[in-house]
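The next block holds one structure in the form of structure tokens; read it before the comments.
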Amino acid sequence: MSDATEARLAALEERLDRVEDELAITRLVASYGPFVDGGNADAVADLWTEDGVYDVDEGFMAGREQLAAMVRSRAHQGWIKDGCAHFLGPAHVTLHGDTAVAVCHSLMVVNVGGEFGADAAFRVRRATAHHFELVRGGDGWRVARRTSRVLDGRPEAPALLRRGVTGRPA
Amino acid sequence: MSDATEARLAALEERLDRVEDELAITRLVASYGPFVDGGNADAVADLWTEDGVYDVDEGFMAGREQLAAMVRSRAHQGWIKDGCAHFLGPAHVTLHGDTAVAVCHSLMVVNVGGEFGADAAFRVRRATAHHFELVRGGDGWRVARRTSRVLDGRPEAPALLRRGVTGRPA
Amino acid sequence: MSDATEARLAALEERLDRVEDELAITRLVASYGPFVDGGNADAVADLWTEDGVYDVDEGFMAGREQLAAMVRSRAHQGWIKDGCAHFLGPAHVTLHGDTAVAVCHSLMVVNVGGEFGADAAFRVRRATAHHFELVRGGDGWRVARRTSRVLDGRPEAPALLRRGVTGRPA
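Chains as they are written, first to last, in numbering that gives the first Met the number 0: chain G, 0 to 169; chain L, 0 to 169; chain Z, 0 to 169.
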């Protein structure tokens with residue numbers, strides 16, 4: 000193999016690595032809503048590292064057991080039973096080699112009108128800022144820490160957006 | 000060409016094929032909302048295969064003629080006339096060679112307050128789970144079957160999310 | 000390097016260029032919401048070219064100074080202070096070499112219930128159609144012109160969606 004061929008192959012491989020990393024992380028973030036609204040507790044927990052943290056204004060979870068317990072909780076099962084969408088927006092990803100930062104908004108939309116029909120109604124229960132710190136492990140990318148704050152005027156929420164979109168830790 | 004060069008080129012080509020497939024499908028799903036809210040009936044229909052199915056709780060359509068007729072219907076034209084967003088979230092895609100499964104949420108947001116101004120108001124009419132089964136044909140990816148259920152507590156909707164995000168058929 | 004190797008390398012490079020362009024533009028669009036809700040005025044302005052235009056029904060801005068001033072305005076700072084999400088959907092991108100067109104919906108969701116709690120409430124203030132005309136410059140992709148119209152029934156909004164998703168200028 001000539002030096003020129005080697006250099007072009009290596010450059011392509013490195014660029015494609017980055018593209019695949021970015022897509023893997025956007026796919027991971029895009030899987031959270033379907034898993035959590037689908038009630039798949041173990042799959043939600045498995046998006047995090049074993050000791051991963053989910054720090055949200057409504058609760059603080061550390062480790063997969065607590066994450067799965069959140070999905071299995073009476074409160075969460077109630078959302079599913081009544082009708083609920085954890086609707087996350089497109090993730091903006093910043094790669095730092097074997098770690099990464101992602102940021103997105105979400106809307107939690109809940110059904111407040113019973114079954115669909117003339118009187119059906121959905122309400123936006125909360126709009127939230129999400130900041131993800133991710134690490135690459137033996138079997139792919141996982142969330143090491145997710146920090147989420149409701150956009151109700153508290154300054155932490157815009158700060159998470161600013162730090163997330165510029166690739167900085169929460 | 001050396002065997003080593005051949006192997007690295009082939010690996011790159013295969014990886015890039017998958018990246019392009021994933022992007023083509025996310026682009027297809029991302030085009031549905033603009034086409035349907037833009038009233039482009041033929042373009043909506045062309046997202047499906049010729050005999051593609053759209054199975055949604057508000058109707059069952061089979062084939063491009065029925066899909067285009069839905070967009071041209073008085074009901075749909077009324078949504079456009081009053082102001083409407085079929086807002087689909089980022090698609091999560093699972094590739095299976097020449098078929099694929101995608102899943103996302105959507106919010107259908109309708110204007111209920113007339114023209115924009117002090118009294119303008121938008122309402123979330125429905126939050127929906129969408130499951131897409133796609134096939135690759137001669138001119139790219141198309142939807143073979145889309146199954147959509149409103150997230151109002153009916154168990155089919157979370158089930159679609161679970162099956163979609165794990166790459167299984169509806 | 001053999002002709003066959005050269006041809007395969009060149010084809011890979013060209014395909015990867017397009018993938019990276021598409022991802023760069025989706026990332027740019029995905030950064031707008033976090034920057035604008037995070038109050039990062041200069042970063043918002045820097046998404047546009049120096050003389051870039053943001054033509055929206057609530058105002059017309061030309062050049063980075065006017066864009067930054069919008070973020071710093073009393074009205075915008077009020078949205079941040081009360082709680083606000085400029086929630087943009089996944090961008091659909093059409094590449095034309097060194098220019099591109101992107102389209103997406105957005106929901107502007109505002110907190111109308113004070114701090115999060117039993118009485119918290121969020122409202123969809125507007126659903127909007129966005130059409131982006133982008134150019135590639137010395138340091139990457141920038142918005143040359145963004146045209147946004149509220150989906151309240153005015154015909155310009157569906158027209159923007161139709162033109163955007165088919166890759167045509169606004």
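Think of the CB as a built atom: it goes at the ideal place given N, C-alpha and C, for glycine as much as any other residue. Since the structure is predicted, the reported quantities are computational estimates derived from the model, not experimental observations.
Could you tell me whether any Cβ in chain L is nearer than 9 Å to the Cβ of G112 (chain G)? yes
So which residues of chain G does T25 (chain Z) contact, with C-beta pairs closer than 8 Å? P89
Give every residue of the same chain whose Cβ lies closer than 6 Å to the Cβ of W140 (chain Z), excluding the five residues on either side of it in the sequence, and list them in chain order. A23, I24, L27, L133
Please work out which residues of its chain come closer than 6 Å, Cβ to Cβ, to A42 (chain Z), disregarding the five sequence neighbours upstream and downstream, and give them in chain order. F34
Beta-carbon contacts of A120 (chain G) that lie in its chain and below 8 Å, excluding the five residues immediately before and after: N110, V111, G112
Please state the DSSP three-state secondary structure of R162 (chain Z). helix
Is the Cβ-Cβ distance between L11 (chain G) and L11 (chain L) less than 9 Å? yes
Rounded C-alpha distance that separates M0 (chain L) from S1 (chain G): 10 Å
Output yes if chain G places a C-beta closer than 9 Å to the C-beta of A117 (chain L); else output no. Below a pLDDT of 50, predicted positions are generally treated as unreliable, and A117 (chain L), at 49, falls in that range; the measurement from the model is reported next regardless. No - not a single Cβ of chain G is within 9 Å of the one on A117 (chain L).
Scan the segment 103-154 of chain Z and note each continuous beta strand (DSSP E) run of 3 residues or more that stays entirely inside, going in chain order. 121-136, 139-149
Determine, using beta carbons only, whether H75 (chain G) comes closer than 9 Å to chain L. no
Residue from L:R161, L:D36, L:R162, L:L15 whose Cα sits closest to the Cα of S72 (chain L): L:D36
So, is D16 (chain L) buried or exposed, given that buried needs 16 or more other C-beta atoms within 10 angstroms? exposed
Among all the DSSP beta bridges, which residues are the ones paired with F59 (chain G)? G:D54
Please state whether the Cβ-Cβ distance between V149 (chain G) and D81 (chain G) is less than 9 Å. no
Taking G166 (chain Z) as the reference, which of Z:L159, Z:T93, Z:G137 has the closest Cα? Z:T93
Positions along the segment 26-38 of chain G whose CB lies within less than 7 Å of some CB in chain B: Reference to chain B is not applicable here, since the protein chains of this structure are G, L and Z.
Residue of L:D50, L:R161, L:G88, L:A44 minimising C-alpha distance to A68 (chain L): L:A44
Starting from the C-beta of E21 (chain Z), find all residues in its chain whose C-beta is less than 7 Å away, skip the five residues before and the five after it, and write them out in chain order. V92, L94
Return the first residue and the last residue of the beta strand (DSSP E) that L94 (chain G) is part of. 91-95
Output yes if chain G places a C-beta closer than 9 Å to the C-beta of P168 (chain L); else output no. no
Cut-off 7 Å between Cβ atoms - residues of its own chain near T146 (chain L), not counting five sequence neighbours on either side: D54, H130, L159, A169
According to DSSP, simplified to helix, strand and coil, what is L87 (chain G)? strand
Starting from the C-beta of G38 (chain L), find all residues in its chain whose C-beta is less than 6 Å away, skip the five residues before and the five after it, and write them out in chain order. I79
Within chain G, partners of V18 (chain L) - CB distance below 8 Å: L15, V18, E19, L22
Please decide whether T98 (chain Z) counts as near chain L, where near means a Cβ-Cβ distance under 9 Å. no
Given H104 (chain G) as reference, the closest of Z:R63, Z:R14, Z:V102, Z:A29 once Cα atoms are compared: Z:A29
Just to make sure I have the definition right: I need the residues of chain G whose C-beta is within less than 8 Å of the C-beta of T4 (chain L). Which are they? M0, T4, L8
For the alpha helix (DSSP H) containing S30 (chain L), name the first residue and the last one. 2-36
Please state the DSSP three-state secondary structure of A169 (chain G). coil
Pick from L:M60, L:R135, L:D50, L:A156: whose alpha carbon is nearest that of V100 (chain L)? L:R135
For T48 (chain G), which of G:A156, G:V164, G:R144 has the nearest alpha-carbon? G:R144
What in chain L is Cβ-close to D45 (chain G), meaning under 9 Å? Within 9 Å Cβ-Cβ: nothing; D45 (chain G) doesn't reach chain L, min ~12 Å.
T4 (chain L) vs L8 (chain G) beta-carbon contact at 9 Å: yes
Shorter than 9 Å from the beta carbon of L150 (chain L) to some beta carbon of chain G? yes
Out of curiosity, what's the CA-to-CA distance linking C170 (chain G) and A84 (chain Z)? Nothing can be reported for residue 170 (chain G): it is not among the residues displayed for chain G, which extend from 0 to 169.
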